[in-house]
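Asker: After the structure tokens below, expect a handful of questions from me.
Residue numbers (my numbering): 83 to 414.
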């Protein structure tokens with residue numbers, strides 16, 4: 083009888099332990115679950131549902147989502163026109179914008195480097211297998227900015243600041259953003275990266291014959307493939323060409339130099355670059371040789387060799403590849 087009592091007592095303890103364990107174990111919410119449970123994400127939930135994307139973020143994959151609040155969406159809709167809201171905004175636009183807030187794989191704030199490009203899920207075009215739009219992420223201290231941040235009054239950008247980070251979900255992580263991340267064109271991406279301030283200054287220099295900023299922001303003659311020299315590359319070129327600064331370059335020469343870095347009518351990704359050097363015609367009408375044998379590089383008219391040091395920054399109207407040296411065409 084005494085042994086029986088001990089067994090019954092032990093069984094009761096086991097049942098209590100397992101019951102408590104079951105009560106304490108709550109399945110972790112998915113990204114969609116978290117959005118649905120937060121009233122500040124009600125427009126995001128409506129948008130995901132209308133675009134038929136809620137199921138994607140309710141699945142088993144791992145994603146990083148930069149989630150705009152209701153205020154962020156309302157600000158964005160106001161930019162599109164009066165009376166635009168989540169129920170009547172153009173559906174393809176809405177879907178593209180939503181996918182532009184999602185990166186495949188989980189990236190916690192602690193793992194964000196000082197600066198990097200990431201691929202969103204937003205396709206560059208409607209073609210099957212189209213590349214997806216790039217996102218430029220920067221972190222300084224605890225502050226994380228996307229695509230250069232929102233800018234300031236009078237000089238607004240299409241980027242955002244992360245307002246709250248690391249809301250953990252079963253299928254990834256949510257970072258709350260203060261604005262909707264608009265899809266960047268070539269000029270937007272150039273402006274957002276501090277390594278391209280010299281390039282932006284050259285493109286927007288007063289007195290340019292060609293409206294480079296306007297052309298590379300638009301879709302006429304697009305898509306474009308732009309080979310973008312860094313600030314260091316521009317500094318070296320000024321010394322090499324004996325100019326004190328960008329303002330000292332004669333306008334006809336600067337016009338030719340900038341056009342020489344652009345291929346019009348083609349979105350040439352790194353995977354499509356030729357192995358053996360071939361002539362490539364540029365927006366200027368002159369050619370340079372480009373190839374990947376022994377490393378991706380371009381040989382310009384003057385037989386100067388520039389290395390392609392980063393590739394495939396995908397924009398809405400083309401792609402950017404980064405150069406370590408300015409290309410110099412025939413300036414005569």
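Yeah, the Cβ is synthetic: ideal placement off N, Cα and C, and Gly gets one too. The structure presented is a predicted model; accordingly, all values stated were derived computationally and were not measured.
(1) Name the one or two DSSP bridge partners that residue 407 has.
(2) So, is residue 164 buried or exposed, given that buried needs 16 or more other C-beta atoms within 10 angstroms?
(3) Starting from residue 122, trace the beta strand (DSSP E) in both directions and tell me its first and last residue.
(4) What is the rounded straight-line gap between the Cα of residue 302 and the Cα of residue 253?
(5) Is residue 352 closer than 9 Å to residue 271 when the C-beta atoms are compared?
(6) From the DSSP output, in three-state form, read off residue 393 for me.
(7) Use the C-beta contact count for residue 408: other C-beta atoms within 10 angstroms, 16 or more gives buried, fewer gives exposed.
(8) For residue 280, which residues of its own chain have a beta-carbon under 6 Å away from its beta-carbon, when the five flanking residues on both sides are left out?
(9) My output table needs one value for residue 318: the three-state DSSP class, helix, strand or coil.
(10) Do residue 208 and residue 215 have their beta-carbon atoms positioned less than 9 Å apart in this structure?
(11) Is residue 227 near residue 241, with beta carbons less than 9 Å apart?
(12) Straight-line CA distance for residue 285 to residue 330?
(13) Give me the DSSP bridge partner(s) of residue 344.
(14) Does residue 180 pass the burial test, meaning 16 or more other C-beta atoms within 10 Å, or should it be called exposed?
(15) What is the rounded straight-line gap between the Cα of residue 264 and the Cα of residue 251?
(16) Pick helix, strand or coil for residue 238, following the three-state DSSP scheme.
(17) Between which two residues does the alpha helix (DSSP H) containing residue 271 stretch?
(18) Skipping 5 residues on each side, what residues in its chain have a beta carbon closer than 6 Å to that of residue 384?
(19) Using the three-state DSSP reduction, which class does residue 400 fall into: helix, strand or coil?
(20) Are the beta-carbon atoms belonging to residue 146 and residue 255 less than 9 Å from one another?
(21) Can you tell me which residues form a DSSP beta bridge with residue 250?
(22) Pull the bridge partners of residue 380 from the DSSP assignment, please.
(23) Of the choices 365, 395, 184, 400, whose alpha-carbon is the least far from that of residue 299?
(24) Specify, as a first and last residue, the run of the beta strand (DSSP E) that residue 282 falls within.
(25) For residue 128, which of helix, strand or coil comes out of DSSP?
(26) Span of the alpha helix (DSSP H) holding residue 179?
Answerer: In this structure, then:
(1) Working through the chain shown from its first residue, we reach residue 407 at position 325. Per DSSP, none; premise fails for residue 407.
(2) Within the chain shown, numbered from 1, the residue matching residue 164 stands at position 82. A residue is called buried once 16 or more other Cβ atoms fall within 10 Å of its Cβ, and residue 164, having fewer, is exposed.
(3) Stepping through the chain shown from its first residue, residue 122 is reached at position 40. From DSSP, residue 122 is part of no beta strand (DSSP E); its letter is neither H nor E.
(4) The residue given as residue 302 occupies position 220 in the chain shown. The residue given as residue 253 occupies position 171 in the chain shown. Going by the C-alpha atoms only, they are around 40 Å apart.
(5) Position 189 of the chain shown holds residue 271. Position 270 of the chain shown holds residue 352. One thing to note: residue 271 has its Cβ no nearer than 9 Å to the Cβ of residue 352.
(6) Residue numbering aside, residue 393 sits at position 311 when the chain shown is read from its first letter. In this structure, residue 393 counts as strand in the three-state DSSP scheme.
(7) Position 326 of the chain shown, counted from the start, is the residue given in the question as residue 408. Residue 408 should be labelled buried.
(8) Counting from 1 along the chain shown, the entry for residue 280 is found at position 198. If you ignore the 5 residues before and after residue 280, its C-beta comes within less than 6 Å of the C-beta of 313, 316, all in its own chain and listed in chain order.
(9) Walking along the chain shown from the start, residue 318 turns up at place 236. Reduced to three states, the DSSP call for residue 318 is helix.
(10) Translated into positions along the chain shown, residue 215 becomes position 133. Translated into positions along the chain shown, residue 208 becomes position 126. No. Outside cutoff.
(11) Within the chain shown, residue 227 is the residue found at index 145, counting from 1. Within the chain shown, residue 241 is the residue found at index 159, counting from 1. Yes, they are a contact pair.
(12) On the chain shown, residue 285 is found 203 positions in, with the first residue counted as 1. On the chain shown, residue 330 is found 248 positions in, with the first residue counted as 1. Near 14 Å, if we compare the C-alpha coordinates of residue 330 and residue 285.
(13) What you label residue 344 is simply residue 262 of the chain shown in a count that begins at 1. Looking at the DSSP assignment, residue 344 forms a beta bridge with 308.
(14) In the chain shown, counting from the first residue as 1, residue 180 sits at position 98. By the neighbour-count rule (16 or more Cβ atoms within 10 Å), residue 180 is buried.
(15) As a working note, residue 264 is residue 182 in the chain shown. As a working note, residue 251 is residue 169 in the chain shown. Residue 264 and residue 251: Cα-Cα distance of roughly 25 Å.
(16) In the chain shown, the residue the question calls residue 238 occupies position 156. Strand at residue 238.
(17) Start at 1 with the first residue of the chain shown, and residue 271 comes out as number 189. Here the alpha helix (DSSP H) through residue 271 covers 268-274.
(18) The residue given as residue 384 occupies position 302 in the chain shown. Same-chain partners within the cutoff: 410.
(19) Reading the chain shown from its first residue, position 318 is the one you call residue 400. DSSP places residue 400 in strand when its eight states are reduced to three.
(20) The residue labelled residue 146 in the question sits at position 64 within the chain shown. The residue labelled residue 255 in the question sits at position 173 within the chain shown. Going by C-beta atoms, residue 146 is nearer than 9 Å to residue 255.
(21) The residue given as residue 250 occupies position 168 in the chain shown. 255.
(22) Your numbering for residue 380 matches position 298 in the chain shown. Answer is 372, 388.
(23) Residue numbering aside, residue 299 sits at position 217 when the chain shown is read from its first letter. If we check each option's Cα against that of residue 299, 400 comes out closest.
(24) Locating residue 282 in the chain shown gives position 200, counting from the first residue. Here residue 282 belongs to no beta strand (DSSP E); instead the alpha helix (DSSP H) covers 279-285.
(25) In the chain shown, the residue the question calls residue 128 occupies position 46. It is helical.
(26) Here residue 179 refers to the residue found at position 97 when the chain shown is read from its first residue. Here the alpha helix (DSSP H) through residue 179 covers 173-181.
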